[in-house]
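S.K.:
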């Protein structure tokens, strides 16, 4: 249940739960955390049951169905998922376009899918596989939220009762909206059947359809419970559909699918016809095990909802430092690479600035997650078109998805205009400076692409230049409209200190290593705590040493990460080696 942290702390537990935070966290801020958690758990259970039922129904005819989906169909599905950005409530269409282009651009950093050549890695081999999705998500949502946790406040807004929500109300919200639940579950199952698409596409497509079919779309993004039901039902129904390509063709669509295919191979089981005939009892056992695990997770979520909702009463500044250190160490343990830590910090700072300046953040995440998926299938489609293996008019699935895209675009654009969702107020010089900074970043990538001697595709170059022009246009428009006067501060309320401390983490890690960097972070953080926490000031050295020991044990002894020596050790060995 990655949606629990999304609802409570505005931090998605995984990429698929990013859509839930749009309405789940505003509900928690209103004191309805237990309603949102119970609703998410119930929608997950029903979605999982729906997916398994559909899986059992179409299992005999799955092979002809899957053969209809090739690179062109997957490309169109990626575009369909990207189109849901229009339905997401945000404050400015131009800024949503800018961060969307930026997300697509960041997704291209790594290697070209057509040639395999490094692209925008600047000689760093650790970036050959691009930015890690988990590192980007943890930085963009977790670290950016923690920076704002410096102030003394609770998740529940002032004047609200954290126990105002009701588990019964959350369950009833799903049961009284059968059409929404069924439609979202059907979308999740359909997308799960297609190899390589994943739950993120399913969740955002379902969210977009919920907005599209709503009579009052302006309520989405402000704590509408329908914004919790739709993505949760889609994500869990996707699990049932994703078993189809694994059992029928051995084609995994996620990390879990890869593990399942590996386990089947270890036990001598061959996906395909044998799994659907001779080994059908085992296939049914796997399907029922998936159903039972999802149902058990939902039962636990509903049961624990009242106690989890109490977390909204916590003083958020009390858990900021432990959460920050735990997040940084967790990021480092993902792949054992320091570059993941640097990437997470960079995107954490960017996410914080976007949030403070009222720029939309979710479009960036949607574009980043779908970016590589869209580009890979776009490259494959072009190659197949060159040899005459792709014909749009001879592929019914492609025509059907294209029609759905056009309908969704028109419907969501009409709903957005009718609800008048744009409510943006520029922040003067800060807003212009951010846009100029993004334009300079995109310009650097565009210039590098020109100097790349043909190793950068036309798609990459066009996207880089387009991002540059859009961001530069936003900066100029902000300057013309508002000038350079500051109408809003980015670092008010003492947020400048945690922002600077997080920004310093990569440098301190490079110079003194991870354990010492975390201890130094703890020391400086506690020195600048509010006056009422004077007892922690007296214990600052002891707590810093304790953090050093815990991090050293977790990184060096428990995880056994082989990290490069810090600069200070290298310098010492160079000057005092015998």
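Numbering (the numbering used here), first residue to last: 4 to 581. Where is the CB? At the ideal position from N, CA and C, for every residue including glycine.
Helix, strand or coil for residue 565, going by three-state DSSP, please let me know.
M.R.: Here residue 565 sits in coil by DSSP.
S.K.: May I ask you to list the residues that DSSP assigns as paired with residue 113?
M.R.: Beta-bridge pairing links residue 113 to 122.
S.K.: Assess, as a yes-or-no matter, whether the stretch 40-51 is touched by the stretch 232-242 under the definition of 3 or more beta carbon pairs within less than 8 Å.
M.R.: Touching, yes.
S.K.: Cα-Cα, which of 308, 372, 213, 528 is closest to residue 582?
M.R.: Beyond the ends of the chain as shown, which are 4 and 581, falls residue 582; an answer cannot be given.
S.K.: When DSSP labels each residue in this structure, what does residue 398 get in the three-state scheme?
M.R.: In the structure shown, residue 398 sits in coil (DSSP, three-state: anything other than H, G, I, E or B).
S.K.: Select from 207, 287, 386, 459 the residue whose C-alpha is nearest the C-alpha of residue 120.
M.R.: The option with the nearest alpha carbon to residue 120 is 459.
S.K.: Quick check: what's the CA-CA separation for residue 45 versus residue 23?
M.R.: Their backbone Cα atoms lie some 14 Å apart in a straight line.
S.K.: Count the C-beta pairs between the stretch 112-128 and the stretch 315-331 that are closer than 8 Å, then say yes if the count reaches three, no if not.
M.R.: No: the two stretches stay apart, fewer than three of their Cβ pairs being nearer than 8 Å.
S.K.: Look up residue 413 in the DSSP assignment and say whether it is helix, strand or coil.
M.R.: Residue 413: helix per DSSP, three-state reduction.
S.K.: Would DSSP call residue 380 helix, strand or coil?
M.R.: Three-state DSSP puts residue 380 in a helix.
S.K.: Are the stretch 104-112 and the stretch 463-481 touching by the rule of at least three beta carbon pairs closer than 8 Å?
M.R.: Output reads yes: the stretch 463-481 touches the stretch 104-112.
S.K.: Which one of 357, 55, 211, 196 has the shortest CA to CA distance from residue 99?
M.R.: Per the Cα distances, 357.
S.K.: So the candidates are 443, 115, 174; which of them puts its Cα closest to the Cα of residue 478?
M.R.: Of the listed residues, the one whose Cα sits closest to residue 478 is 443.
S.K.: From what residue to what residue does the alpha helix (DSSP H) around residue 361 run?
M.R.: First-last for residue 361: undefined, no H or E at that position.
S.K.: Can you tell me whether residue 295 is buried or exposed, with buried defined as 16 or more other CB within 10 angstroms of its CB?
M.R.: By the neighbour-count rule (16 or more Cβ atoms within 10 Å), residue 295 is not buried but exposed.
S.K.: Quick check: the Cα distance between residue 448 and residue 139, rounded to an integer number of angstroms?
M.R.: For residue 448 and residue 139, the distance between alpha carbons rounds to 19 Å.
S.K.: Which same chain residues, not among the five before or five after residue 85, have their C-beta less than 6 Å away from its C-beta?
M.R.: Closer than 6 Å at the Cβ level, and outside the excluded window around residue 85, lie 373.
S.K.: Between residue 293 and residue 282, is the Cβ-Cβ spacing less than 8 Å?
M.R.: Taking 8 Å as the Cβ cut-off, residue 293 and residue 282 do not qualify as a contacting pair.
S.K.: Could you check whether residue 369 and residue 81 sit closer than 8 Å to each other, using their CB atoms as the reference points?
M.R.: No, Cβ-Cβ distance for residue 81 and residue 369 is not below 8 Å.
S.K.: Which of the three DSSP states, helix, strand or coil, is assigned to residue 484?
M.R.: Residue 484 falls in the helix class under three-state DSSP.
S.K.: For residue 6, count neighbouring C-beta atoms within 10 Å of its own C-beta (all shown protein chains included) and say buried if the count is 16 or more, exposed if not.
M.R.: By the neighbour-count rule (16 or more Cβ atoms within 10 Å), residue 6 is buried.
S.K.: According to DSSP, is residue 321 part of a helix, a strand, or is it coil?
M.R.: Of the three classes helix, strand and coil, the one that applies to residue 321 here is helix, per DSSP.
S.K.: What separation, rounded to the nearest whole angstrom, lies between the Cα atoms of residue 611 and residue 303?
M.R.: Only positions 4 to 581 of the chain appear in the structure, and residue 611 is not among them; the question remains open.
S.K.: Go through its chain and collect everything with a Cβ distance to residue 115's Cβ below 6 Å, but skip five positions before and after it.
M.R.: Here the set comprises 122.
S.K.: May I ask which residues mark the beginning and end of the alpha helix (DSSP H) holding residue 299?
M.R.: Looking at the DSSP string, the run of the alpha helix (DSSP H) that includes residue 299 is 283-312.
S.K.: Terminal residues of the continuous alpha helix (DSSP H) containing residue 391?
M.R.: That residue, residue 391, is in no alpha helix (DSSP H); it is neither H nor E in DSSP.
S.K.: With a threshold of 16 other CB atoms inside 10 Å of the CB of residue 21, please say whether the residue is buried or exposed.
M.R.: Answer is buried; the Cβ neighbour count reaches 16.
S.K.: What are the boundary residues of the alpha helix (DSSP H) that residue 51 is part of?
M.R.: Per DSSP, residue 51 belongs to the alpha helix (DSSP H) from 36-61.
S.K.: Nearest CA to the CA of residue 564: which residue from 524, 204, 516?
M.R.: Of 524, 204, 516, the residue nearest in Cα terms is 516.
S.K.: When you compare the stretch 335-347 with the stretch 133-153, are there three or more beta-carbon pairs, one atom per stretch, that lie closer than 8 Å?
M.R.: Yes, they touch.
S.K.: If you draw a straight line from the alpha carbon of residue 550 to that of residue 311, how long is it in whole angstroms?
M.R.: In a straight line, the C-alpha of residue 550 is about 27 Å away from that of residue 311.
S.K.: How many Å lie between residue 278 and residue 246 at the Cα?
M.R.: Cα-Cα distance, rounded: 12 Å.
S.K.: Could you give the distance in angstroms between the alpha-carbon of residue 185 and the alpha-carbon of residue 37?
M.R.: If you take the alpha carbons of residue 185 and residue 37, they lie about 23 Å apart.
S.K.: Classify residue 531 as helix, strand or coil using the three-state DSSP reduction.
M.R.: It is coil, neither helix nor strand.
S.K.: Using a threshold of 8 Å, state whether the C-beta atoms of residue 396 and residue 102 are closer than that.
M.R.: No.
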